[in-house]
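Visitor: This is the structure I want to talk about, given as structure tokens.
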Ligand code: ADP
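Numbering (this note's numbering), first residue to last: 38 to 453.
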């Protein structure tokens, strides 16, 4: 029997899924992040912990493995793959100081023109004292896959998009080459393409097969999209995780750096999307997951809360409102937690609808269906509220775990 392992390094923890050829889930593993830990140690521990948790009888059946990481989480390594400094996480804004310079190099509105893009971060990293020891720039998913297959300098065209890689022409553009950054940019493969077999010591340590293939990965939000079941233009996936991420499948490519809108390549189609800082992290500030479940059941989604919030943890959003100083709006605070939650869920649904409207205004196909992934997907009250605002069927994703979508990528490795 052929089995496939998908590993997800998301914002709140790492997860893994083993599936068979039919896509049936045979095992699921989790490893939460520890607060305050060194990220690089934490990621390695998570990877080893997930592999160790795979039920023994499945391990020798695993044909291929793929890993997804958070988009634009990058690190520099030396020629042996050892990190030379701390990684910059997906939401780290320090690359913002390089934007003025980057605007003089990159085409207008390019997706790299954002404080959190991999390229802005890489340019900022050039100022690190350890930069001269760096040989490779890797994304989180690239480095974790490297720990398994041992080959450096390889990425996929989902992770490489925000590095400036041209996903239409499948090459680094000339303007990027001209920056002459003294670092080896990754060789870019199609997500799911086979990279190499497991390193022998990893295979024997975890009881995995020596000929188990490690594939090129993807990003966490694309992985969630792949898991959802959405396939046709007009079909979308909203990821209700710590943040609110929208992805709409379209025949046209839509890009607008002002709103952080960009399109990923997905076969012959484009996966266009944007991400808002609103989302589950704000809910978690005020409620436990159990409170969210209980209070949501007490909310009548047919009633209006008459509350108009813009829920954020800190000022600033980019999509669907581009304002780095946008203040969190959480007033007025109603008398009961139920009413407060009602207002939060409605306001986030309003922001979601505004997001899809913006994508369509910019040229994406008309929205027909919304699948839902992430921690908020199970909330049926929220689904009902969202259906009201989105005005299209809101259906559950076939699977909501990004790890599942990544396992599907691993399953397709023999297509390359
Ligand atoms: P991440 O993006 O961190 O991987 P998850 O997809 O695991 O996030 O989702 C976690 C988020 O889901 C939390 O921020 C939490 O507030 C939210 N969440 C959990 N349960 C519910 C619920 N019943 N209704 C709405 N949101 C929920």
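Even glycine gets a Cβ: it sits at the ideal position worked out from N, Cα and C.
These numbers were taken from a predicted model, which means no experiment stands behind them.
Under a criterion of Cβ closer than 6 Å to any non-hydrogen atom of ligand 1, which residues qualify, in chain order?
Guide: In chain order, the qualifying residues are 47, 48, 49, 278, 279, 317, 318, 320, 321, 326, 329, 330, 333, 411, 412, 413, 415, 416 and 419.
Visitor: So which of 390, 66 and 139 has the shortest CA-CA distance to residue 427?
Guide: 390
Visitor: Skipping 5 residues on each side, what residues in its chain have a beta carbon closer than 7 Å to that of residue 362?
Guide: 352 and 353
Visitor: Should the segment 184-204 be regarded as contacting the segment 102-120, the criterion being three or more beta carbon pairs within less than 8 Å?
Guide: yes
Visitor: Based on Cα-Cα distance, which residue from 342, 257, 303 and 293 lies nearest to residue 411?
Guide: 257
Visitor: So, at 6 Å on beta carbons, what are the nonlocal neighbours of residue 263 in its own chain, with the 5 sequence-adjacent residues on each side left out?
Guide: 442 and 445
Visitor: Between which two residues does the beta strand (DSSP E) holding residue 310 run?
Guide: 306-313
Visitor: Go ahead and pull the three-state DSSP assignment for residue 319.
Guide: Here residue 319 carries a helix assignment [DSSP, helix/strand/coil].
Visitor: For residue 123, name the three-state secondary structure that DSSP assigns.
Guide: coil
Visitor: Between residue 454 and residue 255, is the Cβ-Cβ spacing less than 8 Å?
Guide: Absent from the structure is residue 454, since the part of the chain shown begins at 38 and ends at 453.
Visitor: Select from 336, 137 and 273 the residue whose C-alpha is nearest the C-alpha of residue 309.
Guide: Nearest C-alpha to residue 309 among 336, 137 and 273: 273.
Visitor: Quick one: residues in its chain with C-beta nearer than 6 Å to the C-beta of residue 173, no 5 flanking neighbours on either side, listed in chain order?
Guide: Excluding the 5 residues flanking it on each side, residue 173 has same chain C-beta neighbours closer than 6 Å at 114, 189, 190 and 221, in chain order.
Visitor: Determine the DSSP secondary structure at residue 58, reduced to helix, strand or coil.
Guide: coil
Visitor: Tell me the rounded alpha-carbon separation between residue 12 and residue 235.
Guide: There is no way to answer for residue 12, as the model of the chain reaches only from 38 to 453.
Visitor: Would you mind reading off the limits of the alpha helix (DSSP H) that contains residue 367?
Guide: Per DSSP, residue 367 belongs to no alpha helix (DSSP H) and is neither H nor E.
Visitor: Would you check if there are 3 or more beta carbon pairs closer than 8 Å linking the segment 416-436 to the segment 299-318?
Guide: no
Visitor: Taking a contact to mean a Cβ-Cβ separation below 8 Å, would you say residue 381 touches residue 346 in this structure?
Guide: Contact annotation: residue 381 and residue 346 have beta-carbon atoms nearer than 8 Å.
Visitor: Taking all protein chains shown into account, decide if residue 453 is buried (16 or more other Cβ within 10 angstroms of its Cβ) or exposed.
Guide: exposed
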